[in-house]
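Colleague:
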Amino acid sequence: MKPARLVVLLTLAVAATATAPGTASAAPGLFGGPGTPVLGHLYVNDNTAGENTIAAFDRHADGTLTPIPGSPFAAGGAGTGVGIGSQGALQESADGRYLFAVDAGSGQISVLHIRPDGALRPVSSGPVSSGGAEPVSIAVNGGLVYVANGGAGANNYTGFTLGAGGHLRPLAESTVALPEGSEPGDVLFNGSGTNLVGVRIKTSLIDSFAVGPDGRLTAAPESPIAAQGPGPFGSEFRPTDPEQLFVSNAHGGTGAGTVSAFNVADDGALSSIGASPFADHETAPCWVEISHDGRFLFTTNTASGTISRYAIASDGSLELLGSTPFKRAGSGPLDARLAPDGQTLWIVEGGADAVGGFTVEGGALTELASSPTPLPSNSAPFGIVVN
């Protein structure tokens, strides 16, 4: 989803509310909870024009967020200052030491060291070229990193290795070129790191690869395959089963969103599960998150301003449980990420330049009293990490 398309969705969402976006700075979440224990941290890629920044917060036991001193932190590259639709624009290394951010405005990837107090410091090597233009998504598996580039003239997937000190080095002969206008929106590894998948939003295709021991990619038989709906967007492998993949289909029109479910073979071949795709009955289901126990799937409906909730059967079939609205109309929900304990779902609200939070009880969601928490006023946020 290019900036113009994301802007259209957010405009539809914001138009539904009489509250001006500028009032987000009065949200209570920014100031609450400093006396309660800090459980972890939360980061958002601000995608600010010129110098890109990362907003960083302490997560308190009562659900409130407070900015970490020094936030927002300079990423080193440049953002675009306008909304970009993709999943995975901000990622964390498995050991929790590093944060990876796309700098869509400068065609770079930034790596930042996460200090014990949650503060961020760019690694000494600085941002590296993404191997294309307008990087939009990052996939990380151990010491292997792949980036989806969506800019004009340079649509591709490009690989890197992660070395000591958080230094990224291009992986030779790893780039997979995509046709001009493919508009990749997400790239991700399965849990075992043996498969990598990417979606092409504009041309409604899904790329699937087997990952070799050397980190290079081999396209699956018949890859790319046609998506089961227009605008494949958010993607997630089931945490409890690396052979099950779920993809949202965002461009079906008003009330016609769907989520697809696939089995993924060792060679990356995709096969449909059950009655896939499964109806969402909302508009523009985009970002996807799955509970850590693999039982529930959540997708943010950017134009509807809701979160759809599904139960996942053992075979990967989905049952729609319902949709949960935000207490603020015009939220324009984007990226979603669960806390490590799985008890809170955090969501970037692109229509309000804020972060919303919901308690999670099985497949039920309840918005926190302190939600939403404002982001920097000059942000065009996408990408979230919670630790």
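Counted the way our numbering counts, the sequence shown spans residues 177 to 563.
Positions of the beta carbon are idealized from the N, C-alpha and C atoms, including for glycine.
Does the separation of the CB atoms of Gly253 and Ser305 fall below 7 angstroms?
Modeller: No, these two residues do not count as a Cβ contact at 7 angstroms.
Colleague: Taking the alpha-carbon positions, what's the Leu541 to Thr475 distance?
Modeller: Taking the straight line from one Cα to the other gives about 12 angstroms.
Colleague: The beta strand (DSSP E) that contains Phe276, what's its start and end?
Modeller: From DSSP, the beta strand (DSSP E) with Phe276 extends over 274-279.
Colleague: If you count every other CB in all the chains shown that lies within 10 Å of the CB of Asp222, and 16 or more means buried, which is it?
Modeller: Buried: at least 16 other Cβ atoms inside 10 Å.
Colleague: Do three or more CB pairs link the region 452-465 to the region 482-496 at distances below 8 angstroms?
Modeller: At 8 angstroms Cβ cutoff, the stretches touch.
Colleague: Please go through the same chain and pick out, in chain order, the residues whose beta-carbon is closer than 7 angstroms to the beta-carbon of Gly198, but skip the five residues on each side of it.
Modeller: Because Gly198 sits at a pLDDT of 32, beneath the cut-off of 50, its placement in the model cannot be relied upon, and the point is left open.
Colleague: DSSP on Gly319, reduced to helix/strand/coil?
Modeller: Looking at Gly319 - three-state DSSP - the assignment turns out to be coil, as it is neither helix nor strand.
Colleague: Is the separation between the beta-carbon of Ser612 and that of Gly450 shorter than 7 angstroms?
Modeller: It is not possible to answer for residue 612, since the shown part of the chain is limited to 177 through 563.
Colleague: So, using beta-carbon positions, are Gly532 and Ser547 closer together than 7 angstroms?
Modeller: Their beta carbons are under 7 angstroms apart, which means Gly532 touches Ser547 by this criterion.
Colleague: May I have a chain-ordered list of the alpha helix (DSSP H) segments no shorter than 4 residues that lie completely inside the region 251-314?
Modeller: DSSP runs (the alpha helix (DSSP H)) wholly in the region 251-314: none.
Colleague: Just how far apart, CA to CA, sit Ala505 and Ser358?
Modeller: So the alpha carbons of these two residues sit roughly 32 angstroms apart.
Colleague: Under three-state DSSP, which class holds Ala340?
Modeller: Helix, per DSSP.
Colleague: Taking only the alpha-carbon atoms, compute the straight-line gap between Asp234 and Ala250 and give it to the nearest angstrom.
Modeller: Near 18 angstroms, if we compare the C-alpha coordinates of Ala250 and Asp234.
Colleague: Following the continuous beta strand (DSSP E) through Pro408, name the residue where it begins and the one where it ends.
Modeller: From DSSP, the beta strand (DSSP E) with Pro408 extends over 408-414.
Colleague: When the Cα atoms are used, what is the spatial distance from Gly329 to Ser380?
Modeller: Cα to Cα, the separation comes out at about 19 angstroms.
Colleague: Tell me Glu495's beta-bridge partners as DSSP assigns them.
Modeller: DSSP output for Glu495 lists Ala487 as bridge partner(s).
Colleague: Is the region 305-320 touching the region 263-275 in the sense that three or more CB pairs, one from each, lie closer than 8 angstroms?
Modeller: Flag = yes, the region 263-275 and the region 305-320 touch.
Colleague: Distance, Cα to Cα, Pro248 vs Thr229?
Modeller: Near 6 angstroms, if we compare the C-alpha coordinates of Thr229 and Pro248.
Colleague: Does DSSP put Phe249 in a helix, in a strand, or in coil?
Modeller: Phe249 falls in the strand class under three-state DSSP.
Colleague: Touching or not, the region 385-396 and the region 422-429, by the rule of three or more beta carbon pairs under 8 angstroms?
Modeller: Result no; under three Cβ-Cβ pairs closer than 8 angstroms.
Colleague: Beta carbon of Gly308, beta carbon of Pro360: below 7 angstroms?
Modeller: The answer is no: Cβ separation not under 7 angstroms.
Colleague: Anyone know if the C-beta pair for Ala324 and Gly374 falls short of 7 angstroms?
Modeller: Going by C-beta atoms, Ala324 is nearer than 7 angstroms to Gly374.
Colleague: Cβ of Asp511 within 7 angstroms of Cβ of Ile560?
Modeller: In contact: Asp511 and Ile560 (Cβ atoms closer than 7 angstroms).
Colleague: Would you mind stating whether Gly405 and Thr430 have Cβ atoms separated by less than 7 angstroms?
Modeller: The answer is no: Cβ separation not under 7 angstroms.
Colleague: Going by C-alpha to C-alpha distance, which of Leu544, Leu514, Thr482, Leu354 sits closest to Leu218?
Modeller: Closest by alpha carbon: Leu514.
Colleague: Can you give me the C-alpha to C-alpha distance between Thr459 and Thr500, rounded to a whole angstrom?
Modeller: Rounded to the nearest angstrom, the two C-alpha atoms are 13 angstroms apart.
Colleague: For the beta strand (DSSP E) holding Ala461, just list the boundary residues, first then last.
Modeller: Contrary to the premise, residue 461 reads as Pro rather than Ala in this sequence. Run containing Pro461: 461-466, per the beta strand (DSSP E) assignment.
Colleague: Could you spell out the range, first to last residue, of the beta strand (DSSP E) harbouring Asn221?
Modeller: Looking at the DSSP string, the run of the beta strand (DSSP E) that includes Asn221 is 214-221.
Colleague: Just curious, the beta strand (DSSP E) that Ala426 is in, first and last residue?
Modeller: Ala426 -> no beta strand (DSSP E), and no H or E assigned at all.
Colleague: How many angstroms separate the CA atom of Pro550 from the CA atom of Asp443?
Modeller: Spanning the two alpha carbons is a distance of roughly 44 angstroms.
Colleague: Please determine whether the Cβ atom of Ala277 lies at a distance below 6 angstroms from any heavy atom of the ligand FMN.
Modeller: The model depicted lacks the ligand FMN and carries no ligand whatsoever.
Colleague: Going by C-alpha distance, which of Ser282, Phe385, Asn366 is nearest Gly318?
Modeller: It is Asn366 whose Cα lies nearest to the Cα of Gly318.
Colleague: Reducing DSSP to helix, strand and coil, say where Leu354 ends up.
Modeller: Three-state DSSP puts Leu354 in coil, outside helix and strand.
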